[in-house]
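> One structure follows; several queries about it will come next.
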Amino acid sequence: MAGTCITTIKLLGVGSLGLLTSSIIYQSLSGLPDLIHQFNAQFNSSSIDFFNKKLDALKKNIFNNRLINGVLAALTSGLFTMAFKYSPVHEKHPYLVYASIGAPLSLIGLYYKNWKYEQKILAKKAVDLSSTSNKAQDKLSKSKSDAADGEEEEAEVISKVESADSLLGKSYVHLSDESGLSTPNASQPSTPKVQPKEEEQEHVEKSPEEIEVDKEVENILIKKEIVQDLKKIESGYVLSSYISGVSLLIASVGLLGDCYLL
Numbered sequence: 001m002a003g004t005c006i007t008t009i010k011l012l013g014v015g016s017l018g019l020l021t022s023s024i025i026y027q028s029l030s031g032l033p034d035l036i037h038q039f040n041a042q043f044n045s046s047s048i049d050f051f052n053k054k055l056d057a058l059k060k061n062i063f064n065n066r067l068i069n070g071v072l073a074a075l076t077s078g079l080f081t082m083a084f085k086y087s088p089v090h091e092k093h094p095y096l097v098y099a100s101i102g103a104p105l106s107l108i109g110l111y112y113k114n115w116k117y118e119q120k121i122l123a124k125k126a127v128d129l130s131s132t133s134n135k136a137q138d139k140l141s142k143s144k145s146d147a148a149d150g151e152e153e154e155a156e157v158i159s160k161v162e163s164a165d166s167l168l169g170k171s172y173v174h175l176s177d178e179s180g181l182s183t184p185n186a187s188q189p190s191t192p193k194v195q196p197k198e199e200e201q202e203h204v205e206k207s208p209e210e211i212e213v214d215k216e217v218e219n220i221l222i223k224k225e226i227v228q229d230l231k232k233i234e235s236g237y238v239l240s241s242y243i244s245g246v247s248l249l250i251a252s253v254g255l256l257g258d259c260y261l262l
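Count the sequence shown with full-length UniProt numbering and you get residues 1 to 262, in order.
If you want it as structure tokens, here you go:
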């Protein structure tokens with residue numbers, strides 16, 4: 001392979017490594033601090049819809065960063081490996097090896113601990129208030145319907161018992177008349193009392209306002225967890241920026257030496 005082509009490959013490798021380093025440094029110095037500030041600012045806002053939009057944007061940001069960092073790291077490593085492989089023996093300098101492994105090391109430093117924190121954020125679901133309110137209203141109407149049915153059944157039982165008592169009283173009077181016996185102390189049989197069913201302690205359903213308050217509290221707790229995870233992710237980006245920056249410095253110095261000193 002001609003020397004000009006190898007030099008072009010080296011330049012492309014340094015450029016891709018520079019883009020990777022710039023992306024990581026931007027996230028560590030600007031991107032993540034802005035996200036942390038945005039979620040901290042939401043503690044003064046109870047808008048669940050706004051929070052859901054921010055959470056969705058954060059998930060997309062994580063996916064995009066993974067894609068960009070992975071592509072740039074693979075491109076950098078491949079270009080420097082190719083340059084080292086096809087260079088003449090006297091031009092196979094160690095900086096090509098250092099630069100080729102610098103990009104994968106940057107990703108290892110970035111995602112060694114950050115991966116699980118990013119997965120926690122990606123696993124979080126949006127807070128849905130409307131479906132919960134509708135569900136609570138359905139439960140409340142169902143409990144009212146069940147209570148009305150229970151009252152109707154109890155009234156029907158009492159009516160049947162009173163009817164039976166009336167028939168029993170008539171039969172008792174008729175037998176006394178036929179026997180001709182006086183029963184001064186006799187009294188009409190007591191009506192059996194129907195013991196009403198003990199009202200079960202109904203589960204107190206929460207009103208839509210109470211459910212909304214609960215969801216706002218849950219929303220605040222999720223925000224705090226996200227902020228804590230973002231701070232830990234930020235530390236991983238800082239570590240990765242150092243590794244990538246050192247690799248870029250080595251590659252740049254080596255390329256300048258190849259072009260102007262050798």
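All C-beta atoms in this analysis are idealised placements derived from N, C-alpha and C, irrespective of residue type, glycine included. Bear in mind the structure is a predicted one, so any value in this text is a computation, not a measurement.
Could you check the C-alpha separation between F80 and V97 for me, to the nearest Å?
Spanning the two alpha carbons is a distance of roughly 7 Å.
> Buried or exposed for E118, please, with buried defined as at least 16 other CB atoms from any protein chain shown within 10 angstroms of its CB.
When all chains shown are included, E118 counts as buried.
> Once the 5 residues before and after T21 are set aside, which same chain residues still bring their CB inside 6 Å of it?
Excluding residues within five positions, the ones whose Cβ falls inside 6 Å are S244, G245 and L248.
> What is the DSSP secondary structure of S207, counted as helix, strand or coil?
S207: coil per DSSP, three-state reduction.
> Please classify G102 as buried or exposed, where buried requires at least 16 other C-beta atoms within 10 Å of its C-beta.
So G102 ends up on the buried side.
> Can you tell me whether D258 is buried or exposed? The criterion is at least 16 other CB atoms within 10 Å of its CB, across all chains shown.
Its Cβ being crowded by 16 or more others within 10 Å, D258 is buried.
> Rank A57, L12 and Y112 by C-alpha distance to the C-alpha of A99 and give the top, closest one.
It is L12.
> Output yes or no for whether 8 Å exceeds the beta carbon distance between S87 and S241.
It is not a contact, given that the beta carbons lie outside the stated cut-off.
> Pick from Y112, T7 and S16: whose alpha carbon is nearest that of I68?
When only C-alpha atoms are compared, the closest one is S16.
> Tell me the rounded alpha-carbon separation between H93 and Y111.
Approximately 29 Å, taken between the alpha carbons.
> Leaving out five residues before and five after L256 in sequence, what residues of the same chain have Cβ atoms less than 7 Å from its Cβ?
No residues qualify anywhere along the chain.
> Can you give me the start and stop residues for the alpha helix (DSSP H) that P88 sits inside?
No alpha helix (DSSP H) holds P88; DSSP gives it neither H nor E.
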